[in-house]
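Comments concern the structure below.
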Amino acid sequence: MSTPPPPAATPPLPVMASNPGQWEMGECTELQKASLKCIEENYTKRSNCNEHFERYRECKKKRHASIVAARRAGILD
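Counting with the working numbering, you get residues 168 to 244 for the letters of the sequence shown.
Structure follows, in structure tokens:
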């Protein structure tokens, strides 16, 4: 038996690690690591990392919005 596909109005489920820790954010983890690496390499001039920070910040916002939408739709508890 095959299950029917989810309705189009269903928001995409947020991607999470199988055992997420406090700092793991699924799809944002790579951006987080890149930001931290940039800080390590440019610790005296953090402004060099602004692009990394902005991409990570936007990813976190989108992830949070998808979690909120999924909870409102009753998909997540």
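In this text, a Cβ means the ideal position worked out from N, Cα and C, and glycines have one as well.
Predicted model only: the values in this text are computed from it and were never measured.
Check	Outcome
Residue range of the unbroken alpha helix (DSSP H) whose run includes Tyr-223	217–239
Extent of the continuous alpha helix (DSSP H) run through Cys-205	196–208
At least three beta-carbon pairs within less than 8 Å, the stretch 222–230 to the stretch 195–202	yes
Which listed residue (Cys-205, Lys-212, Ala-232, Tyr-210) has its alpha carbon closest to that of His-219	Cys-205
Close beta carbons around Asn-209, own chain, < 7 Å, minus the five adjacent residues each side	Asn-215, Cys-216
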